[in-house]
């Protein structure tokens with residue numbers, strides 16, 4: 003910030019850019035709907051509730067002048083946020099729930115790694131450390147404290163294609179163990195985000211360690227974003243991500259509205 007500028011000046015400038023289109027808002031959120039697939043666990047485990055929307059009244063005998071609904075869903079439904087307490091590796095960390103986590107991670111810069119072509123060829127595509135280093139060679143080193151978002155094209159899918167379920171489980175892309183460990187330990191990222199149902203690939207139970215994105219991210223007190231959409235509208239660098247989970251008591255995560263601030267045309 004220039005010496006003659008105050009924080010108030012910077013915020014005023016941002017407000018002006020938003021009003022004139024110098025900075026645009028991009029919605030990265032899927033509509034929370036009963037039709038959107040949710041993660042399916044093996045039958046011996048507990049299952050997340052899908053989205054249910056039950057009308058209370060809509061300008062009728064149950065409420066002549068108002069419309070509202072009861073809603074129910076699991077914490078990890080739709081476009082959602084993972085807090086460290088969500089995984090066993092993060093269970094004993096301080097401030098590890100959505101109601102106790104600091105505010106600063108809710109607004110942070112993003113790096114977007116495009117894997118769309120590879121994911122179109124192979125739904126089990128894994129983002130590797132080598133691919134990350136190649137991205138850095140073109141776009142610069144990933145800064146500490148930023149989101150790394152994996153663009154896969156999955157945000158445009160719906161229904162069965164989106165879930166990717168087969169007889170042996172889900173087939174969706176994600177990072178391999180070495181890649182996510184590198185991002186957490188060597189680059190110090192804030193969190194990792196995907197367009198798929200989980201931050202891990204669909205077959206991540208077979209990796210070592212199992213579900214490495216959850217293992218390394220949450221064990222280090224970092225965060226996850228899933229079921230994003232619209233990542234094609236973001237530059238490789240330069241976007242700011244606003245992701246504020248619901249303040250659920252001792253919550254492990256929550257659906258949320260994810261917005262990106264991007265430079266205007």
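In our numbering, the protein residues as written are 3 to 267. Glycine included, each C-beta is placed from N, C-alpha and C at the ideal position.
Check	Outcome
N-terminal and C-terminal residue of the alpha helix (DSSP H) that residue 17 is part of	9-22
Residues near residue 142 in its chain [Cβ-Cβ closer than 8 Å; skip 5 each side]	239
Touch test, the segment 58-68 against the segment 183-191, Cβ-Cβ under 8 Å, three pairs minimum	no
C-beta contact flag for residue 340 and residue 102 at 8 Å	Residue coverage of the chain in this structure runs from 3 to 267, which leaves residue 340 outside it and unanswerable.
Cβ-Cβ distance between residue 227 and residue 181 below 8 Å	no
Spatial distance of residue 151 from residue 199 (CA atoms)	14 Å
Contact the segment 149-164 vs the segment 47-60: 3+ CB pairs below 8 Å	no
Residue 208 classed as buried or exposed, judged by whether at least 16 other C-beta atoms fall within 10 angstroms	exposed
DSSP-derived helix/strand/coil call for residue 68	strand
Nearest-angstrom beta carbon gap, residue 230 and residue 244 [assumed within contact, 8 Å]	Actually they do not touch by this definition, with Cβ atoms about 13 Å apart.
Closer than 8 Å to chain C by CB, residue 112	This model lacks chain C altogether; it includes just one protein chain.
Counted within 10 angstroms of its Cβ, other Cβ atoms place residue 18 as buried (16 or more) or exposed	exposed
Residues near residue 196 in its chain [Cβ-Cβ closer than 6 Å; skip 5 each side]	152, 228
Whether residue 30 touches residue 232 by CB criterion (8 Å)	yes
Residue from 234, 202, 235 with nearest C-alpha to residue 84	202
Whole-Å CB distance - residue 186 paired with residue 222, under 8 Å assumed	5 Å
C-beta contact flag for residue 252 and residue 99 at 8 Å	yes
Coil, strand or helix - residue 138 by DSSP	helix
Residue 238 (DSSP reduced to helix, strand or coil)	coil
Backbone CA spacing between residue 217 and residue 69 [nearest angstrom]	43 Å
Minimum length 4: unbroken alpha helix (DSSP H) runs contained in the segment 131-177	131-141, 161-165
Assumed close pair residue 254, residue 77 - CB separation to whole angstroms, cut-off 8 Å	6 Å
Of the listed residues 26, 211, 73, 9, nearest to residue 264 (C-alpha basis)	26
Burial state of residue 140 (16 or more Cβ within 10 Å)	exposed
Residue 126 - DSSP class collapsed to helix/strand/coil	coil
Integer Cβ distance of residue 2 from residue 53, believed to fall under 8 Å	This structure cannot settle anything about residue 2, because the visible part of the chain is limited to 3 through 267.
DSSP state of residue 62 mapped onto helix, strand, coil	strand
Through-space distance from residue 248 to residue 9, alpha-carbon basis	27 Å
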